[in-house]
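A.B. asks:
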Amino acid sequence: MGSILGTVVSKSRNNVRVHAVGLDYLCFFRGKVRGRGGGQLPIAVGDKVLISITSSGEGIVEEVRPRCSELVRHTAGGKPVVVAANLDQVLLVLSAASPSPRWSLVDRVLVASHRQDLEPAICVNKTDLVRDDQGMVREIESRLALYGELGYPTFSISATTGHGVDPLVTWLRDRLTVLTGHSGVGKSTLLNRLNDRLDIVTGALSESTGKGKHTTTAVSLYSMPFGGFVADTPGFREFALWGVEPADIGRFYREFEPHLGGCRFSDCLHSGEPDCEVVQALKRGEISKERYDSYLRIMRVHSAG
Ligand code: GDP
Ligand code: ZN
236 MGSILGTVVS KSRNNVRVHA VGLDYLCFFR GKVRGRGGGQ LPIAVGDKVL ISITSSGEGI
296 VEEVRPRCSE LVRHTAGGKP VVVAANLDQV LLVLSAASPS PRWSLVDRVL VASHRQDLEP
356 AICVNKTDLV RDDQGMVREI ESRLALYGEL GYPTFSISAT TGHGVDPLVT WLRDRLTVLT
416 GHSGVGKSTL LNRLNDRLDI VTGALSESTG KGKHTTTAVS LYSMPFGGFV ADTPGFREFA
476 LWGVEPADIG RFYREFEPHL GGCRFSDCLH SGEPDCEVVQ ALKRGEISKE RYDSYLRIMR
536 VHSAG
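Just so we're on the same page, our numbering is the position in the sequence shown counted from 1, plus 235.
Right, here's the structure in full:
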């Protein structure tokens, strides 16, 4: 039997699980592929691989295809570790209620995504809980409109009723998406809805331990029946922003971009320097106050470090 092309969906010490033509195969490596000292397998979740299937139904990894991109996390010692390969985009999930939306997270995730060259989108879940709260509905609509005007895809959904999920499926199809958002916003419920063969435990806290469900930092990919994968990536926004330079953060605010060349100082942080074109654009109303304020907050956090 010839080789088939698949995607690594999870990884453990000695083997990987590969999704290929609709099935998952437990796959092994031939011979010695580890470096000296028996280190990690030289493969990451998201890698495209050619596998051959043995008579017992397991796979042998024959070839790892070159990566288009890598998401890297730095260990406490600063050593880079590839978390996942070939990611395309990031879906930030907020909830309309319980817990109420944490809008301050949005710009952090947008900056983190742009820094990693991933295309972000914003999804508000649990809209069924606010149907009768006109004030909240308007608030959500106006926030999403701001991001829509900036060119970001936005979705309003209910993972439990399925309302609004179709356009999200269109956006997810055939791509490799990182799912991020606070605990309890409905990420697991959404994954279960997107793939009815999944049965991920939902509910913000595990009753037995009182801890969140994510106790590991390991990444796994969920294959989608409509094509593509969704990555459960604990800690994405923290490590995606690791080591970002304050002077670079403005580059990740897309509406700042046309103004960046106009500041007097080439290393302008747009925080009170003279002749700052970004602040001029803010005064002219071309940059929103909320976005500018969030820029200052993110920039200051990273200046302090
Ligand atoms: P996660 O921590 O982000 O994975 O969130 P879960 O998927 O575990 O959901 C947390 C809680 O919110 C669970 O009790 C879900 O049943 C509930 N939930 C998730 N999505 C919705 C929704 O669209 N509407 C309502 N009313 N509840 C939801
Ligand atoms: Zn400036």
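Glycine residues also receive a C-beta, built at the ideal position from the N, C-alpha and C atoms.
1) Residue range of the alpha helix (DSSP H) that Y260 falls in?
2) Closer than 8 Å is the cut-off here; do at least three beta carbon pairs connect the segment 390 to 406 with the segment 420 to 429?
3) Go ahead and pull the three-state DSSP assignment for F461.
4) Please tell me whether L381 and A331 are closer than 8 Å, where the distance is taken between their beta carbons.
5) Grab me the residues of H349's own chain with a C-beta within less than 6 Å of its C-beta, minus the 5 sequence neighbours each way, in chain order.
6) What's the C-alpha gap between P493 and G383?
7) Report the rounded CA-to-CA distance for D502 versus D483, giving the unit in angstroms.
8) Looking at the secondary structure, which residues open and close the alpha helix (DSSP H) in which A347 lies?
9) Nearest to R535 by alpha carbon, out of G497, G485, T412 and S245?
10) Within 10 angstroms of its Cβ, does D282 collect 16 or more other Cβ (buried), or is it exposed?
11) Report the CB separation of V251 from L329 in whole angstroms; it is logged as a contact under 8 Å.
12) What number of angstroms, rounded off, separates the C-alpha of L258 from the C-alpha of I288?
13) Could you tell me which whole beta strand (DSSP E) segments of length 3 or greater appear in the segment 278 to 357?
14) Just the C-alpha distance for L240 and P509, rounded to the nearest angstrom, thanks.
15) Could you name the residues of the same chain whose beta carbon sits closer than 6 Å to that of L326, not counting the 5 residues immediately before and after it, in chain order?
16) Is it right to say C303 is buried, meaning 16 or more other beta carbons lie within 10 angstroms of its own, or is it exposed?
17) In the DSSP assignment, find the unbroken beta strand (DSSP E) run with T242 in it and report its ends.
18) For T242 and A311, I'd like the C-alpha separation in whole angstroms.
19) Taking A482 as part of the alpha helix (DSSP H), name the residues at either end of that continuous run.
20) Can you name the residues that DSSP bridges to N360?
21) Whole angstroms is fine: what's the gap from V513's alpha carbon to I522's?
22) Going by DSSP, what residue range makes up the beta strand (DSSP E) through V413?
23) In whole angstroms, what is the alpha-carbon distance linking T450 and A466?
C.D. replies: The answer reads as follows:
1) Segment L258 to F264 is the beta strand (DSSP E) holding Y260; no alpha helix (DSSP H) there.
2) yes
3) coil
4) no
5) F487
6) Going by the C-alpha atoms only, they are around 18 Å apart.
7) 9 Å
8) S339 to R350
9) G485
10) buried
11) Their Cβ separation, rounded to whole angstroms, is 33 Å, which puts V251 and L329 out of contact at 8 Å.
12) 12 Å
13) 283 to 288, 294 to 299, 305 to 309, 315 to 320 and 324 to 330
14) 56 Å
15) Result list for L326: A356, C358, T412 and L414, in chain order.
16) exposed
17) According to the DSSP assignment, T242 belongs to the beta strand (DSSP E) that extends over I239 to K246.
18) 29 Å
19) P481 to I484
20) For N360, which the question treats as bridged, DSSP gives the partners S330.
21) 8 Å
22) Following the DSSP letters along the chain, one finds V413 inside the beta strand (DSSP E) bounded by residues L411 to T415.
23) Its pLDDT being 48, under 50, T450 is placed unreliably in this model, and the value from its coordinates should be taken loosely. Roughly 16 Å separates the two Cα atoms.
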